[in-house]
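Protein chains in written order, with numbering that gives the first Met the number 0: chain D, 0 to 56; chain R, 0 to 223; chain B, 0 to 215; chain U, 0 to 325.
Presented below is the structure to which this report refers.
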Amino acid sequence: MTLPLPKQLARESRTMYEFLEQNSLFVVLTIVLIIWAGLFFYLLRIDKRVAKLEDKS
Amino acid sequence: MALAVKPASALFQKDVRSELRTRYTLNALLMFVVISISVVLFSVAGETLQPEITIGMLWIVMFFSAMSGMSRTFVAEEEKGTTMTLQLLASPSSIYAGKLLFNLLLIVCLNAVIVVLFLLTMEKFAISQPGLFWLVILLGGFGIASATTIIAAIIAKARTKGTLFPVLSFPILLPLIMAGISATKTAVMGTTWEAAIPDLQLLVSYIVVVITTSFLLFDYVWKD
Amino acid sequence: MTGITVKDITQRFNRRTVLKDVNFTAEQGKVFGITGKNGSGKSTLVKIISGIISPTKGSIAFTRNGEDIPSEKRHEHIGLVGPYLTLYEEFSALENLRFFHSIRGLKYDEQQSNELLARLDLPTDRSDPIAAYSSGMMQRMRFAFALLHDPAFLFLDEPTSNLDTDGKNKVHGIVRELSAERCIIIATNDYEDFVLCDDYYSVDGSVPALLEQPAN
Amino acid sequence: MIKWWKIVLFVWIGVFSALGIMTPIAGGLSDLAIFAEVGDTRLIPVAMKIADHDLTEQEDGTFLVAGEDKYGDDAMFVLPEKPAGFSEAEGYLLDARYDKENHRVVAAEILGDYPGWSFPYIPGLGERAKIIFFHVPMSWMTVIAFLVSMWFGIKYLRKKNLIDDAKSAYAAGLGLLFCILATVTGSVWAQFNWGTFWNWDPRETSIFVLLLIYGAYFTLRSAIEVDEKRARLSAVYSILAFVTVPFFIFIMPRILPGLHPGSADDVNAGPVVSSGGMDAGMRVILYSMLLGCIVLFGWLMSIQMRVFRITQKQEADDIAAAEAIS
Chain D
0 MTLPLPKQLA
10 RESRTMYEFL
20 EQNSLFVVLT
30 IVLIIWAGLF
40 FYLLRIDKRV
50 AKLEDKS
Chain R
0 MALAVKPASA
10 LFQKDVRSEL
20 RTRYTLNALL
30 MFVVISISVV
40 LFSVAGETLQ
50 PEITIGMLWI
60 VMFFSAMSGM
70 SRTFVAEEEK
80 GTTMTLQLLA
90 SPSSIYAGKL
100 LFNLLLIVCL
110 NAVIVVLFLL
120 TMEKFAISQP
130 GLFWLVILLG
140 GFGIASATTI
150 IAAIIAKART
160 KGTLFPVLSF
170 PILLPLIMAG
180 ISATKTAVMG
190 TTWEAAIPDL
200 QLLVSYIVVV
210 ITTSFLLFDY
220 VWKD
Chain B
0 MTGITVKDIT
10 QRFNRRTVLK
20 DVNFTAEQGK
30 VFGITGKNGS
40 GKSTLVKIIS
50 GIISPTKGSI
60 AFTRNGEDIP
70 SEKRHEHIGL
80 VGPYLTLYEE
90 FSALENLRFF
100 HSIRGLKYDE
110 QQSNELLARL
120 DLPTDRSDPI
130 AAYSSGMMQR
140 MRFAFALLHD
150 PAFLFLDEPT
160 SNLDTDGKNK
170 VHGIVRELSA
180 ERCIIIATND
190 YEDFVLCDDY
200 YSVDGSVPAL
210 LEQPAN
Chain U
0 MIKWWKIVLF
10 VWIGVFSALG
20 IMTPIAGGLS
30 DLAIFAEVGD
40 TRLIPVAMKI
50 ADHDLTEQED
60 GTFLVAGEDK
70 YGDDAMFVLP
80 EKPAGFSEAE
90 GYLLDARYDK
100 ENHRVVAAEI
110 LGDYPGWSFP
120 YIPGLGERAK
130 IIFFHVPMSW
140 MTVIAFLVSM
150 WFGIKYLRKK
160 NLIDDAKSAY
170 AAGLGLLFCI
180 LATVTGSVWA
190 QFNWGTFWNW
200 DPRETSIFVL
210 LLIYGAYFTL
220 RSAIEVDEKR
230 ARLSAVYSIL
240 AFVTVPFFIF
250 IMPRILPGLH
260 PGSADDVNAG
270 PVVSSGGMDA
280 GMRVILYSML
290 LGCIVLFGWL
300 MSIQMRVFRI
310 TQKQEADDIA
320 AAEAIS
């Protein structure tokens, strides 16, 4: 069995990091994405509660 | 809101006498302090610490001893089943005042023991402004007691009493602890005590604000 | 006039309604009874009246000699006997009484306390903690706790539950003696207590075993 | 049926997010001069307006043109190439640095046409300054949700109506969500701007304390089984937390030195939103986003409350049915 090459992983994340470092606008976009994910997660929770209500009635 | 001095002092005397008779809290607390200080000493293992770190350790020990000591305030009454008896006997504000008095006394003694043990065991721990240092320890203790008294009343009504106490207390106490640590640093390393004035103001206003709010809110916590 | 007016008391507990719109008046000179099956809310009602629980809705007015007593002063005028009241077991009887006296802001008089203990058939010469007392003695200690400050309003919740016939008679004697000048409320399911009452309120509509009256 | 205001809300947040993200950032001569003064040769975006359409070709193949920056300061600009449609163009957005010796703005690249609407260039932030439209409303919402939660807590203590407690709890739940989002977005941004995810800057400490308080609030709620008791004690706790938190949110960050704008050592003085501290356009977008977030908060609250009311009605029916049987 071979483990994933740490070097490769490191390089990959490194380029991603560098990309974000050089293109600041994408940092802002990442942040907007995080906020959307948070709101989506909250929506899912409400959805679950409504589904529970539907099951009952 | 009627606060009578007499009921409060009666409750305070009762608590002191009860504590001296049973010694549940006192013995356990003393051991707690000894144990936590020895853990600090073991981890230091004879090295000389920087004063900042020693101050941090001091406040950690003070915080956690207070956590284990104050939590019993109302839980003890709840366990004995005497809560309703007290509810019948006096107004909520005098109960709060009595318990607050007892906690103030307890924490002042506790902090004095902790600080003396620290001074004895940490040889290189020199204080440049002893007067300010003791004032900060006293105010810090008062602050901890004032905030934790009402939280102790809250947790007495909840299920997981002991573990809940530090969880609820820490966020409320954090402004106090930060100001306290900063003032202690001034007392230990500073050259003038004037540098600690903003911190002292913060400590005093914190105590005033928290005690006033507690008096206003205690009714709702105390009565079912 | 000395008395209590209970108005529209409603108590909800975990969204269940325990008491709904309770209304009654209890006056000095008459013994008022609160009845109902076990778990129907008798004790809750007594606790609400004595101020231990604040009700979800409604109000209670206390009047002494025609004057209203504000809620923060009521604890000075209320005496309560109930199974849920515990005394400080690490203290002796007299120490307990002294604490109750001083927390109410009253002057402690050892002579008076001793007389009260003697009247309730409790030992006056014991200085050991009351933890060692039997349940009957403890019940009598509760009476000492309730009667100590000579309250105008006396609430008795299951007052005879732990007592033998002698004790019961004693309690009944005390109730009769005190009822002339005080407002007494008894919450009970016991027929012998119930016959003392001049008027009653039933929490759930039931009345203690009227059919099982003793032979006499 | 979808109510009109929900569509307005969606469009509102969408439009202002887009405006916030897509508006270019452009500096002027004064921004260039700051870097030139210390010998920093980095390129920054500069908006340039052509003064007269006279183009001079130089020896190295670049073109010299007279113009003014967005603030109206005149300068000579060096363009790397002759752009197509130069004679009609109003101006350009350049990636440029300042040539101190020749007093010229030297562009490395033409990024686009002259932007009619742009944000000012903030040294050290660049495009990252746009975080303000998303991160700051989140942290404000954290505090607003906390206030709302406490408000309904007080209302419960006065009226003893469990609906108020539910409102208080849901407001706190949303507050926790906003708090987590503010913390995460802030720390991601801090990694790229300040080099670490977490610095214990006073404002970071204060949001962390809010997180702890929200955590403690829900721990307390989960530890009490009786509804009325839970409502009462959690209301008391949130009031208690509220009177101590201002020590953090409003006093600590301003008396201690920190990295955030508005800290004690910030020479620009004043918190982020103080007048004069921020570009008018940015302020409009920030406030609009904040307003959008408040409405969104109210909407999510109302959805939760509708679900709660139905649940409560069902439970009441269940209890009534059980009592009817027995």
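The beta-carbon is built from N, C-alpha and C at its ideal position, and this holds for glycine as well.
This one's a predicted model, so the numbers in the text were calculated from it and none came from an experiment.
Contacting positions in the segment 12-23 of chain R - beta carbon closer than 9 Å to chain B: GLN12, LYS13, ARG16, SER17, ARG20, THR21
For D:LYS55, the first and last residue of its enclosing alpha helix (DSSP H): 23-55
Per DSSP, the bridge partner or partners of B:LEU18: B:GLN10
Bounding residues of the alpha helix (DSSP H) (the contiguous stretch that carries U:PHE9): 3-21
Nearest-angstrom Cα separation, counted from R:TYR95 out to R:PHE217: 7 Å
R:LYS156: contacting residues in chain U (beta-carbon distance under 8 Å): Under the 8 Å cutoff, chain U gives ILE223, LYS228, LEU232.
Where B:SER205 falls, given that 16 or more other Cβ within 10 Å makes a residue buried: exposed
Neighbour-count burial assignment, R:TRP221, 16 or more Cβ in a 10 Å radius: It counts as buried.
DSSP three-state assignment for B:MET0, whether helix, strand or coil: coil
DSSP beta-bridge partners of U:VAL64: U:PHE76
Interface residues of chain U facing D:LEU24 [CB-CB closer than 8 Å]: What D:LEU24 touches in chain U: ILE20, GLU126, LYS129.
R:PHE228 - containing alpha helix (DSSP H), residue span: The structure shown has nothing for residue 228 of chain R, since chain R only spans 0 to 223.
Touching by the beta-carbon criterion (3+ pairs, under 8 Å), the segment 118-129 of chain B and the segment 69-85 of chain B: When Cβ pairs closer than 8 Å are counted between the two stretches, the segment 118-129 of chain B is seen not to touch the segment 69-85 of chain B, the count staying below three.
Nearest-angstrom Cα separation, counted from U:TYR70 out to U:VAL64: Cα to Cα, the separation comes out at about 17 Å.
Neighbourhood of R:LEU163 by C-beta distance below 8 Å, restricted to the same chain and skipping five residues each side: Closer than 8 Å at the Cβ level, and outside the excluded window around R:LEU163, lie ILE154, ALA157.
Buried or exposed by the 16-neighbour rule on C-beta atoms within 10 Å, applied to U:LYS129: buried
Below-8 Å beta-carbon distance, B:TYR132 vs any chain R residue: no
Per DSSP, the bridge partner or partners of B:SER201: B:THR34
Contacts that B:ASN188 makes with chain U (C-beta to C-beta distance below 8 Å): Correct list: empty, because the minimum Cβ distance to chain U is about 21 Å.
Cβ of U:GLU314 within 8 Å of any chain B Cβ: yes
Cβ of R:THR84 within 8 Å of any chain B Cβ: By the rule that beta-carbons nearer than 8 Å mark a contact, R:THR84 touches chain B.
8 Å Cβ cutoff, R:MET0 in contact with chain U: Note on R:MET0: pLDDT 44, under 50, position unreliable in the model; the coordinate value appears next. Chain U contact via Cβ: absent.
Secondary structure of B:CYS196, DSSP reduced to three states: Looking at B:CYS196 - three-state DSSP - the assignment turns out to be coil, as it is neither helix nor strand.
C-beta contact flag for B:THR34 and B:ASN161 at 8 Å: Using a Cβ distance threshold of 8 Å, B:THR34 and B:ASN161 do not count as a contacting pair.
Interface positions of the segment 32-58 of chain B facing chain U (Cβ-Cβ less than 8 Å), listed along the chain: Of all residues in the segment 32-58 of chain B, only THR55, LYS56 place a beta-carbon less than 8 Å from a beta-carbon of chain U.
B:TYR132 classed as buried or exposed, judged by whether at least 16 other C-beta atoms fall within 10 angstroms: buried
Proximal residues of chain D, C-beta to C-beta of U:MET137 below 8 Å: ILE34
6 Å CB neighbourhood of U:VAL272 in its chain, flanking five on each side removed: The predicted model places U:VAL272 with a pLDDT of 40, which falls under 50 and marks its position as unreliable; any figure quoted below should be read in that light. Cβ within range, chain order: n/a, list empty.
Close-in-space but distant-in-sequence residues of the same chain around R:LEU137 (CB under 7 Å, 5 per side omitted): Only VAL107 meet the Cβ criterion.
Contact list for U:HIS134 against chain D, beta-carbon separation under 8 Å: ILE30
Assigned secondary structure, U:VAL208 (DSSP; H/G/I helix, E/B strand, else coil): helix
For U:ILE238, the first and last residue of its enclosing beta strand (DSSP E): Note, U:ILE238: premise wrong, no beta strand (DSSP E); alpha helix (DSSP H) at 226-243.
Alpha carbon of B:THR9 to alpha carbon of B:VAL45, nearest angstrom: So the two alpha carbons sit approximately 13 Å from each other.
heavy atom of the ligand NAP below 7 Å from R:SER168 C-beta: Annotation note on the ligand NAP: not contained in the displayed structure, which lists no ligands.
Residue environment, R:LEU119, which counts as buried when at least 16 other CB atoms sit within 10 Å: Classification for R:LEU119: exposed.
Chain R contact for U:ARG157 (CB, 8 Å cutoff): U:ARG157 has a beta carbon lying at 8 Å or more from every beta carbon in chain R.
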